[in-house]
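**Q** Input: one structure, supplied below.
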Amino acid sequence: MNSDSNSDDDTGDRSEATARAHVGAGLLDEEMGPSSAMAHLYRGEVHRMKFWRERLDRTTNWAVIVIAALLTWTFSSPSHPHYIILVGVATLTVFLGIEARRYRGYDIWRTRVRTIQENVWAYGLDPDGGLADENWRTDLGGDYRTPTLKVSAEEAVAHRLRRIYLPIFLVLLVAWSIRITAFASEPWTETAAIGAVPGPVVVGLVAVFYAGATAVAFRPRTWHAKGELRTEDLRKRR
């Protein structure tokens, strides 16, 4: 009697293990329509991407507000020191670092969304166009098991410089140049000085910083961010 009971228990355990092993099998088969689990998966990924996009915009908004306040205060009186603008440059660099880090997180969710768009919705609308990636299921499944960052920190910084921060840095550079020349009665070599640091040294440091930022933003590279709208991408379908 006990032997039969144990046998039944073993059979039940094996059946249960087999059922668990096949959980999700066929869940995302091709014949399932857009109202299937894939649609819910896609909607969830879009929501997460939107949330991280809002985090990026929030950082940018704070950066613009802080820089606008610094410029307003600096030009409100001739007695206000010019180096406050350079403090603004340093502050903007901190915001750039924060936003680049958030951009790397945002790219995880956008990569998933673009993968589903290219291989599910685009293929469903136009099967003749084929799949963008034959191994997209394997790649997407692996990313769900072990989420990984897709872009380097340097590429993320380059993206945010091109999109937002380089123009703001240029505004600060123009404002600082005007502040130490047109709004000063002394030669710029004296006006640009900060304490014991001579003016030419300050100008040299500023030039090195801007040259480095420009090099990071525009150096030739292979972009790994998926679905990022860059100028060269926009020209492909014209």
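Throughout, our numbering is defined as the position within the sequence shown, counted from one, plus 18. Every residue, glycine too, gets a C-beta built ideally from N, C-alpha and C. Just so it is clear, the structure is predicted and the values come from calculations on it, not from any experiment.
With a threshold of 16 other CB atoms inside 10 Å of the CB of residue 190, please say whether the residue is buried or exposed.
**A** Position 172 of the sequence shown, counting from 1, holds the residue named residue 190. The residue is buried, with at least 16 neighbouring Cβ atoms inside 10 Å.
**Q** Are three or more beta carbon pairs between the region 196 to 210 and the region 96 to 105 nearer than 8 angstroms?
**A** yes
**Q** For residue 215, name the three-state secondary structure that DSSP assigns.
**A** Within the sequence shown, the letter at position 197 stands for residue 215. In this structure, residue 215 counts as strand in the three-state DSSP scheme.
**Q** Would you call the CB atoms of residue 127 and residue 91 closer than 8 angstroms?
**A** For the purposes of this step, residue 127 is taken as the residue at position 109 of the sequence shown. For the purposes of this step, residue 91 is taken as the residue at position 73 of the sequence shown. Taking 8 angstroms as the Cβ cut-off, residue 127 and residue 91 do not qualify as a contacting pair.
**Q** Can we say the region 211 to 231 touches the region 153 to 160, given the rule of at least three CB pairs closer than 8 angstroms?
**A** Two segments are said to touch when three or more pairs of C-beta atoms, one from each, lie closer than 8 angstroms; by this definition the region 211 to 231 does not touch the region 153 to 160.
**Q** Once DSSP output is grouped into helix, strand and coil, what is the label at residue 201?
**A** The count along the sequence shown starts at 1 and reaches residue 201 at position 183. In this structure, residue 201 counts as coil in the three-state DSSP scheme.
**Q** Find out if the Cβ-Cβ distance for the pair residue 173, residue 241 is shorter than 8 angstroms.
**A** Residue 173 sits at position 155 when you count from the first residue of the sequence shown. Residue 241 sits at position 223 when you count from the first residue of the sequence shown. Yes, the pair counts as a contact, with Cβ atoms nearer than the cut-off.
**Q** Should the region 163 to 181 be regarded as contacting the region 223 to 243, the criterion being three or more beta carbon pairs within less than 8 angstroms?
**A** The region 163 to 181 is in contact with the region 223 to 243.
**Q** Return helix, strand or coil for residue 169, following the three-state DSSP convention.
**A** Taking the sequence shown and counting its residues from 1, the one referred to as residue 169 is at position 151. Here residue 169 sits in coil by DSSP.
**Q** Indicate whether residue 77 and residue 120 have their beta-carbon atoms separated by less than 8 angstroms.
**A** Here residue 77 is taken as the residue at index 59 of the sequence shown, counted from 1. Here residue 120 is taken as the residue at index 102 of the sequence shown, counted from 1. Result yes, Cβ atoms of residue 77 and residue 120 sit closer than 8 angstroms.
**Q** I need the DSSP call for residue 136, collapsed to helix, strand or coil.
**A** Your numbering for residue 136 matches position 118 in the sequence shown. Correct three-state label for residue 136: helix.
**Q** Would the region 218 to 232 and the region 132 to 143 be scored as touching if the rule is three or more Cβ pairs under 8 angstroms?
**A** no
**Q** Run the CB neighbour count on residue 124, radius 10 Å, all protein chains shown included, and call it buried at 16 or more, exposed below.
**A** Within the sequence shown, residue 124 is the residue found at index 106, counting from 1. It counts as buried.
**Q** Identify which residue in 60, 229, 184, 205 has its Cα closest to the Cα of residue 137.
**A** Locating residue 137 in the sequence shown gives position 119, where the first residue counts as 1. The shortest C-alpha separation from residue 137 is found at 60.
**Q** Starting from the C-beta of residue 186, find all residues in its chain whose C-beta is less than 8 angstroms away, skip the five residues before and the five after it, and write them out in chain order.
**A** Here residue 186 is taken as the residue at index 168 of the sequence shown, counted from 1. Result list for residue 186: 81, 82, 85, 110, in chain order.
**Q** Secondary structure at residue 244, three-state DSSP: helix, strand or coil?
**A** Stepping through the sequence shown from its first residue, residue 244 is reached at position 226. Coil, per DSSP.
**Q** Would you report the Cα separation of residue 89 and residue 147, rounded to the nearest angstrom?
**A** Position 71 of the sequence shown, counted from the start, is the residue given in the question as residue 89. Position 129 of the sequence shown, counted from the start, is the residue given in the question as residue 147. When rounded, the distance between both Cα atoms is 52 angstroms.
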